[in-house]
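Start counting the sequence shown at 4; every next residue gets the next number (our numbering).
The beta-carbon is built from N, C-alpha and C at its ideal position, and this holds for glycine as well.
In what follows, a single structure is set out as structure tokens and then discussed.
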Amino acid sequence: QCPRSRALREMAEHLPESLWPEALEVTRQIQDESSRSRALSAMAKHLPEALWPEALDIVWNIKDKYYCASALQECLPYLEQFSISFTQWAGVLETLAYQNRKQLLDALPKSRRMLLSLGGAQAFSETLQAVRDICQQWS
């Protein structure tokens, strides 16, 4: 396990805003994508709003789709504030699909605000129905 990743995960909750740019740079330099993904996941809920574009850039530069999806999963509740397009949202969903079923299904509640923002209540209802239909096929 990468010591820098572990340190970032442990410090994220207590990191002063002035040190966040440096923390993101350290994260960007972590070579192991699994460790980088875990660091970003832990940092997501504490990240200052102004640094989200840089954090998302780091996420999208994770080449392994599974690790990219893992980090992206923790970013979902915050994506609404970036006015992403439907096409970009489709890319997010495509990346999230690289996870296992449980992880993908866990992403849906975190995506609620984004779905409502993009398509309103109807899009959210249709998404839930599509998930129900797919779950029936899995059974």
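Mind checking whether residue i and residue j have CB atoms under 9 Å apart?
{"i": "residue 66", "j": "residue 36", "result": "yes"}
{"i": "residue 55", "j": "residue 89", "result": "no"}
{"i": "residue 2", "j": "residue 76", "result": "Residue coverage of the chain in this structure runs from 4 to 142, which leaves residue 2 outside it and unanswerable."}
{"i": "residue 58", "j": "residue 78", "result": "yes"}
Residue i and residue j look like a contact to me (Cβ under 8 Å); what is the Cβ gap, rounded to whole Å?
{"i": "residue 117", "j": "residue 82", "result": "5 Å"}
{"i": "residue 144", "j": "residue 62", "result": "Not covered by the structure: residue 144. The range shown for the chain is 4 to 142."}
CA-CA distance, residue i and residue j?
{"i": "residue 103", "j": "residue 19", "result": "35 Å"}
{"i": "residue 60", "j": "residue 38", "result": "16 Å"}
{"i": "residue 51", "j": "residue 17", "result": "12 Å"}
{"i": "residue 114", "j": "residue 48", "result": "15 Å"}
{"i": "residue 44", "j": "residue 15", "result": "10 Å"}
{"i": "residue 23", "j": "residue 4", "result": "22 Å"}
{"i": "residue 95", "j": "residue 68", "result": "11 Å"}
{"i": "residue 72", "j": "residue 136", "result": "23 Å"}
{"i": "residue 138", "j": "residue 108", "result": "10 Å"}
Who are the Cβ neighbours of residue i in its own chain at under 8 Å, not counting the five residues just before and after it?
{"i": "residue 111", "result": "130, 131, 134"}
What residues in its chain sit with their C-beta under 7 Å from that of residue i, if we drop five residues either side in the sequence?
{"i": "residue 29", "result": "7, 11"}
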